[in-house]
Amino acid sequence: MHGRQLVFLLMLSVARGQVNMDFDSVTRFFDEAGTLASNNYPDGYMVNFLETFVINPPGFESVCLEFTDFSINTASFQADHVAVFDGCRSDTDDTLLGRFTGTTPPTGVVCSSSNLLTVVFRSNTRDVAAGFNASWTAVNGPSPLLTGETGMFTSPNYPGNYPNFAAATYVICVPDNCQGIQLDFTDFDVERFGGLGAADALIVYNGTVQDSILG
Ligand SMILES: *[C@@H]1O[C@H](CO)[C@@H](O)[C@H](O)[C@H]1NC(C)=O
Ligand SMILES: *[C@@H]1O[C@H](CO)[C@@H](O)[C@H](O)[C@H]1NC(C)=O
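FYI, in mature numbering (1 follows the signal peptide of the UniProt record, and there is no 0) the residues of the sequence shown are -17 to -1, 1 to 198.
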């Protein structure tokens, strides 16, 4: 009887350790663009903190996030980390876009496949760092399917500059009796050097995205 009580108490304390953070906050954003930062940034985040940011701008097809500053403590057994989810936060990681710690944020921009992106920051019970600062922008895309034997398309906002974080996919489908697709660029001006080493790029695929890249 005494032994059974002891086991029960032990299990209870393990379960409490997993779910009880000193702070557990959820912040929601519905704006088209903005910035978010870890608590108390840049003066050092608090220990044992679970912080969730839900970015959900209505009427958009994607949310793109870029970390502008990133310093997360890795020293302890379970390092502090930032997780980015495509959609809702999931404990099974099936919507996880990446988990990041140290001074290495994701390279370039991370985008969601819908207008919902979730960022979860978790600190452990000791050792902190400055934290992170990030900015997001809502974007629209993909562009409609292009069909027919000839056609034209442009980058977003052309001939003006395309916006930051723009992402557009153009799928060109021609009738079955055509032998192939010829693509001529009549104007081309794409920025070569982006923030965090990520240049803007135009990629042409032969077939679906999984197939070969032509250039
Ligand atoms: C985060 O970065 C933005 C610029 O991207 C800046 O305007 C903002 O002040 C920064 N936030 C903090 C808390 O320093
Ligand atoms: C594109 O894919 C088709 C079908 O797989 C192939 O026949 C063709 O040679 C490819 N074209 C190029 C330029 O790689």
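Think of the CB as a built atom: it goes at the ideal place given N, C-alpha and C, for glycine as much as any other residue. Being a predicted model, the structure only gives us computed values, none of them experimental.
Problem - Buried or exposed (CB count within 10 angstroms, at least 16 for buried), G143 - result: Sequence index remark: in the sequence shown, residue 143 carries index 160 (1-based). Counting every other CB atom within 10 Å of its CB across the protein chains shown gives G143 a total below 16, marking it as exposed.
Exercise for the section: Compute the minimum distance between the beta carbon of T10 and the heavy atoms of ligand 1, and state whether it is under 6 Å. Expected result: As a position in the sequence shown, residue 10 is number 27, starting the count at 1. Every heavy atom of ligand 1 is 6 Å or more from the Cβ of T10, so no.
Problem - Closer than 7 Å to ligand 3: residues, by C-beta to nearest heavy atom, in chain order - result: With respect to small molecules bound, the structure shown includes ligand 1 and ligand 2 and not ligand 3.
Practice task
Output yes or no for whether 7 Å exceeds the beta carbon distance between C47 and T120.
Solution key: Position 64 of the sequence shown, counting from 1, holds the residue named residue 47. Position 137 of the sequence shown, counting from 1, holds the residue named residue 120. Yes, they are a contact pair.
Handout entry: Spatially closest choice to D172 from L185, C161, F32, V9, by CA coordinates
Key = The sequence position of residue 172 within the sequence shown is 189, counting from 1. That would be L185, whose Cα lies nearest to the Cα of D172.
Handout entry: Check: N189 C-beta below 6 Å from any heavy atom of ligand 2
Key = As a first step, residue 189 must be located in the sequence shown, where it is residue number 206. Yes, ligand 2 has a heavy atom inside 6 Å of this Cβ.
Problem - Cβ neighbour criterion (16 or more within 10 Å) applied to T101 - result: Here residue 101 corresponds to residue number 118 of the sequence shown, with the count starting at 1. With 16 or more other Cβ atoms within 10 Å, it is buried.
Exercise for the section: From the DSSP output, read off the bridge partner residues of C94. Expected result: Numbered from 1 along the sequence shown, position 111 holds the residue referred to as residue 94. Beta-bridge pairing links C94 to C47.
Handout entry: Pairwise C-alpha distance: C94 and S126
Key = As a first step, residue 126 is located in the sequence shown; it is residue number 143 there, counting from the start. As a first step, residue 94 is located in the sequence shown; it is residue number 111 there, counting from the start. Low confidence applies here, because S126 scores a pLDDT of 48, under 50, leaving its location unreliable and the question unanswered by this model.
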